[in-house]
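Down below is the structure, laid out as structure tokens.
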Amino acid sequence: MLLALGAGLSASCVHATGAAAPADAATIERGAYLARIMDCAGCHMPRGADGVPAFSAGLSGGTVGFEMPGLGIFWPPNLTPDATGLGDWSADQILTAIRAGIRPDGRVLAPVMPWASYAGLTDEDGAALVAYLQSLAPVAARTPPPAETADRAAGPFFRVTLPSQ
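According to mature numbering (1 follows the signal peptide of the UniProt record, and there is no 0), the residues represented by the sequence shown are -16 to -1, 1 to 149, in order.
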């Protein structure tokens, strides 16, 4: 069974009340800080053929996937507000994916996405992270679709191996 990785964004941030309002510079700065310490770029930033991160591409999607035993191979999606990324998702939908691992269409994110670790984000920090993602320049960049097996993989990937008993 393949689990789909998410994509989507809107132009407002979520506040603890659930209401949407434009984000201020301090909120976006806080979100950028959170994205750094949460290492979003570790997965969602493309890498060159030499493995070096393509910093100029921002969070436009990982070019190295992750194979999860029994589930398939997944490439981290584009997190910019482009149509090939988070362009169609609301702020609430983005926050739900980050904290609960659920896409707007109800599918569960691949287990390599550490949403369970991010579930404890406060409403304020969650809103800041979403505001930061929504403030990024849109980048048109599609990542490979999930693949069931290595022979169907559309790009390089890391293999996760479970210990045997």
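For glycine and all other residues, C-beta sits at the position ideal for the given N, C-alpha and C.
Give me the Cα-Cα distance between residue i and residue j, rounded to the nearest whole angstrom.
| i | j | result |
| --- | --- | --- |
| Ala9 | Ser119 | 10 angstroms |
| Leu105 | Asn62 | 21 angstroms |
| Pro30 | Asp66 | 16 angstroms |
| Arg87 | Pro129 | 15 angstroms |
| Val123 | Ser148 | 41 angstroms |
| Ala103 | Leu146 | 25 angstroms |
| Gly139 | Val96 | 17 angstroms |
| Gln77 | Ala134 | 31 angstroms |
| Ala25 | Asp89 | 24 angstroms |
| Asp23 | Ala137 | 25 angstroms |
| Arg126 | Trp73 | 16 angstroms |
Could you check what DSSP says for residue i in three-state terms: helix, strand or coil?
| i | result |
| --- | --- |
| Val36 | coil |
| Gly110 | helix |
| Gly26 | helix |
| Gly56 | strand |
| Ala7 | coil |
| Gly71 | coil |
| Gly15 | helix |
Give a yes or no on whether the C-beta atoms belonging to residue i and residue j are separated by under 8 angstroms.
| i | j | result |
| --- | --- | --- |
| Gly54 | Cys27 | no |
| Gly69 | Ser44 | yes |
| Gly42 | Ala131 | no |
| Trp99 | Ile82 | yes |
| Ile12 | Ala115 | yes |
| Phe141 | Val36 | no |
| Gly15 | Ala75 | no |
| Met52 | Ala84 | no |
| Leu79 | Gly110 | yes |
| residue 157 | Phe39 | As displayed, the chain neither begins before -16 nor continues past 149, which places residue 157 out of reach and without an answer. |
| Thr64 | Ala19 | no |
To which residues does DSSP link residue i through a beta bridge?
| i | result |
| --- | --- |
| Arg31 | Pro37 |
| Glu51 | Ile57 and Arg143 |
Using 7 angstroms as the cut-off, classify the Cβ of residue i as near or not near the heavy atoms of the ligand MG, replying yes or no.
| i | result |
| --- | --- |
| Glu132 | This structure lacks the ligand MG; in fact it carries no ligand of any kind. |
request  = Enumerate, from N- to C-terminal direction, the unbroken alpha helix (DSSP H) stretches of 4 or more residues contained entirely within the stretch 75 to 144.
outcome  = 75 to 84, 99 to 102 and 107 to 119
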